[in-house]
Amino acid sequence: MRRLATLGAAALLVLVTSACRDDGGGGNGDGGDGDVATDFGVSAEPCPAVVNEANGCIYLGTLTDLTGPFAGFGTPLTTAQGAFWQRVNEAGGITADGVEQAYDVDVTSYQEDTGYDPTSHAQLYEEMKPNILALAQTLGTPQTQAILPDMQASDVIAAPAGYSSLFNVEDVILESSASYCVETMNSVDYAVEEYEIGSVLAVHFDGDYGLDAAAGGQIAAESHGLDFDHVITPAGADQQEEAIGRILADQPDLVIITTGPTEAAAIVGGAASQGFTGRFIGTNPTWNPALLESPAGEALQALYQAGGTFPTFGSDTPAHQALAEAVGTPDDLNDGYTAGWMWQYPIKAVLEQALANSDLTRAGVRAVATGLTTVDYEGMLPAGAGNYAGGAAAQIRETMISDPDPEAPTGLTTVQDFFVGPTAEAWEPEVCFELLG
Amino acid sequence: MTKLLEAFADGLGRGSVYALIALGFVIIYKSSRVISFAQPGFMIAGVVLVTYLVQVSWLGFFGAMLLGAVLIGLLALGIERAVIRPMIGRPIFAIAIITIGLDIVLRTVAHAYIGPLVRHVGDPWGTSQLHLGSVRMDQRHLAAVVTATVLVLLLFGFFRYTRMGLAMRAVAEDQEAALAQGVSVGAVFALSWALAGGLAAVAGSFAAAGVSVDNTFWPVALYALPVIILGGLDSLPGAVLAGLVIGVLRSLADAYVDDLSWLGENPSLIVPWLVMMLVLVVRPYGLFGTREVERV
Chain A
1 MRRLATLGAA
11 ALLVLVTSAC
21 RDDGGGGNGD
31 GGDGDVATDF
41 GVSAEPCPAV
51 VNEANGCIYL
61 GTLTDLTGPF
71 AGFGTPLTTA
81 QGAFWQRVNE
91 AGGITADGVE
101 QAYDVDVTSY
111 QEDTGYDPTS
121 HAQLYEEMKP
131 NILALAQTLG
141 TPQTQAILPD
151 MQASDVIAAP
161 AGYSSLFNVE
171 DVILESSASY
181 CVETMNSVDY
191 AVEEYEIGSV
201 LAVHFDGDYG
211 LDAAAGGQIA
221 AESHGLDFDH
231 VITPAGADQQ
241 EEAIGRILAD
251 QPDLVIITTG
261 PTEAAAIVGG
271 AASQGFTGRF
281 IGTNPTWNPA
291 LLESPAGEAL
301 QALYQAGGTF
311 PTFGSDTPAH
321 QALAEAVGTP
331 DDLNDGYTAG
341 WMWQYPIKAV
351 LEQALANSDL
361 TRAGVRAVAT
371 GLTTVDYEGM
381 LPAGAGNYAG
391 GAAAQIRETM
401 ISDPDPEAPT
411 GLTTVQDFFV
421 GPTAEAWEPE
431 VCFELLG
Chain B
1001 MTKLLEAFAD
1011 GLGRGSVYAL
1021 IALGFVIIYK
1031 SSRVISFAQP
1041 GFMIAGVVLV
1051 TYLVQVSWLG
1061 FFGAMLLGAV
1071 LIGLLALGIE
1081 RAVIRPMIGR
1091 PIFAIAIITI
1101 GLDIVLRTVA
1111 HAYIGPLVRH
1121 VGDPWGTSQL
1131 HLGSVRMDQR
1141 HLAAVVTATV
1151 LVLLLFGFFR
1161 YTRMGLAMRA
1171 VAEDQEAALA
1181 QGVSVGAVFA
1191 LSWALAGGLA
1201 AVAGSFAAAG
1211 VSVDNTFWPV
1221 ALYALPVIIL
1231 GGLDSLPGAV
1241 LAGLVIGVLR
1251 SLADAYVDDL
1261 SWLGENPSLI
1271 VPWLVMMLVL
1281 VVRPYGLFGT
1291 REVERV
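Here it is, written out as structure tokens:
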């Protein structure tokens, strides 16, 4: 009897939960008013967190990492992404001339923590798919690869949380800044110009992140006739002895580091303490401002520079000012906030144009995305960024170089503003990480 | 020769950390016959706690580490009383599985306190080196060796010369006989968990010396598994010796990586596990463990 009661209660709970989901979740075909075509993830009802009573709601999914190895990255960028859309909503939401209906954007109802696991990523994507129009964030290249076939088949566009060169050749992925591969080409070109280097060693994680950057280093080294080698290093600050040994044995003029922050600090600190005096340039996500307080802080300031694909937090652009106003000065300030903010501009541009076309269906949104020729990043990226109609060849190739600086908000000060080196300039786009795999 | 000696010196530093974590495994195993897989969780919890405690300026690294070890020891004791004690008499396998769950919970909570920024234990050595002739050694490794030596001597003194140490040895020998002699087996269980937790916190603090801590740090504790298999699950001297052996082997694999290229990238990652598999095949009770005699 008790078992029957338990089963009954469970069934009731499931029914109630399902009913609540249908009421409050994203629309799936019945969401627009008579003038705007919709199918998935658009509702005529206001968003659950109402900003504009009269607006409908566009639901965007978020697949991020809040507890896994890239939680330090996923957490701030998800916060900034939420702040971005809050600002949009407070300014009236997504609107278009000649279209009466406006929409707020909801990025929290379908926000899920994948733990950086591709299987969870794919599973959570499937669960949220019927309720979302697009993805405001999909974090991780292998994770995104796991859902790409379905995104293509279902016309789901996404802003990627990452900089893989793969994303340049996928039309449903709206990558904002230069890939790891291009960034590293520019970093090597910078070092050739600045330090007259003769050899490059890439120390990197296995997988697309590390291989993408290392391949960029190899392409640039070949174009300059430099000696090039690479070594794969595992995650973990205490696992870097082999990489340090290789640096000390090879004595390269430039070491490209594409790891996590703790590994980078262990490598730079460990090599410097044993007398290495060559230069290090870290790929964009390698930096973390707390490294300045690490035992390797002094060595990092002396030998390390950070590659970058966008101006750091606190830079003087309208976008950065809006970001700073929206998130304030959080204790955990890093450029995850900046990236999370930047990546939403193309989604906003696509939604605005799709609404102007009175077509907020997934197919309508995808058609707009693939035809977009420019995105207004409010100064965060150079003019010309966001030319998705131009395909991979038209994607942005400008990157920056910064020095560690304890006085700067994110511990970095730009020493080389946006530039494109000769290697990246001449490069025919391809998926770089497959070259070294 | 210099390269060999440097690898040896680095390996002793690494091995001291492994030995301290392995001692926790062995102490719990000797008292309760349970392999506690919660040790990595206690280690990372201890490290994260120390990164916070060290911000109290008057504590310093050693004060923070000692206080952290005591607090993690108390946490382990509390967990033993609340979660493990009710399982006494149940299959050992079930208790071991519970410790896996404990490990996941501890790590998840500890990682939440790391946050987006990396953390540091504030050790006084950093990446500084020590030069003995032409041989270089990290100061933090020397500090780990010295600390581990002191702790091991204290532990052996405790087991040899104190009433509680004697009680723990009695329980390790025969629980029922010890109980009949008035030994509080429950107190022995609790103390063994507290000691293991405290040792994990100290080991983690030295593993984190000179580097930064994020949520990829905890796997360092897993190297205690090949250590306890090599040394013997119920041997304290075995844990110490095997810890040093595994540490040295890993450092040798790093130093002579070109000679081990047939093992693929990063051979030092797999060398301890190859040793473990070899020991399990050839001498499953380890170098110093008690050989199980089974009636058939």
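Those protein sequence lines, which keep their order, are chains A and B. Residue numbering for the first sequence follows the working numbering, beginning at 1 and increasing consecutively. Residue numbering for the second sequence follows the working numbering, beginning at 1001 and increasing consecutively. All C-beta atoms, glycine included, are put in the ideal place defined by N, C-alpha and C. In this text the structure is predicted, and so the values were computed from the model without any measurement.
Neighbourhood of residue i by C-beta, 6 Å cutoff - its chain only, sequence neighbours within 5 removed
i	result
B:V1050	A1064, M1065, G1068, V1121, S1205
A:V169	A392
A:D335	T312, F313, T410
A:T62	V107, Q111, A136, Q137
B:A1208	V1047, V1121
A:E430	none
B:I1095	V1034, M1087
For residue i, the three-state DSSP class (helix, strand or coil)
i	result
A:G74	helix
B:A1200	helix
A:C181	helix
A:F40	coil
B:A1208	coil
A:D104	strand
B:L1020	helix
B:R1085	helix
A:V188	helix
A:G61	strand
A:D97	coil
A:H230	strand
B:P1284	coil
B:V1213	strand
Pair within 7 Å by beta-carbon distance, residue i and residue j
i	j	result
B:Y1018	B:I1270	no
A:E242	B:N1266	yes
B:G1264	B:I1072	no
A:L174	A:P346	yes
B:D1254	B:S1235	no
B:L1287	B:G1015	no
B:V1047	A:P261	no
A:V105	A:I58	yes
A:F433	A:A102	no
A:L248	A:I197	no
A:G278	A:P295	no
B:M1043	B:A1221	yes
A:E398	A:P318	no
A:A424	A:V200	no
A:A213	A:Y190	no
A:T309	A:D208	no
B:R1140	B:E1006	no
A:S358	A:V99	yes
A:D403	A:V420	no
B:A944	B:L1102	Past the edges of chain B, shown from 1001 to 1296, lies residue 944 of chain B, and the structure says nothing about it.
Neighbour list for residue i in chain B, Cβ cutoff strictly below 8 Å
i	result
A:Q274	Q1129, R1136
A:P261	V1118, S1212, D1214
A:A265	V1118, V1211, S1212
Residue i: contacting residues in chain B (beta-carbon distance under 9 Å)
i	result
A:N334	P1116, L1117
A:T75	G1115, P1116
A:T67	T1108, H1111, A1112, N1215
A:G421	Neighbours of A:G421 on chain B: none; closest Cβ ~29 Å, over 9 Å.
A:I257	In chain order: nothing, as chain B lies at least about 14 Å away.
Closer than 7 Å at the beta carbon, the chain A residues around residue i
i	result
B:P1219	G236
B:A1207	D238
Own chain, CB closer than 7 Å to residue i, minus 5 neighbours either side, in chain order
i	result
B:L1179	V1185
B:R1081	A1190
Interface partners of residue i on chain A, CB under 9 Å
i	result
B:H1120	A290, E293, S294, P295
B:S1251	E241
B:G1231	In chain order: nothing, as chain A lies at least about 21 Å away.
Listed by chain order, chain B residues near residue i by CB distance under 7 Å
i	result
A:E242	D1254, V1257, N1266, S1268
A:G245	D1254, A1255, V1257
Listed by chain order, chain A residues near residue i by CB distance under 8 Å
i	result
B:D1010	E241
Exercise for review: Can you check the stretch 365-433 of chain A for any alpha helix (DSSP H) of at least 4 residues that lies completely inside it and give the ranges in chain order?
Suggested key: 422-426
Practice item. Can you check the stretch 107-146 of chain A for any beta strand (DSSP E) of at least 3 residues that lies completely inside it and give the ranges in chain order? Key: 111-113, 134-139
Check your understanding: Taking the runs of the alpha helix (DSSP H) that are 4 residues or longer, which of them lie wholly in the stretch 246-321 of chain A?
Key -> 261-273, 297-303
Check your understanding: Which runs of the alpha helix (DSSP H) fall wholly inside the stretch 1033-1087 of chain B and span at least 4 residues, in chain order?
Key -> 1039-1053, 1060-1079
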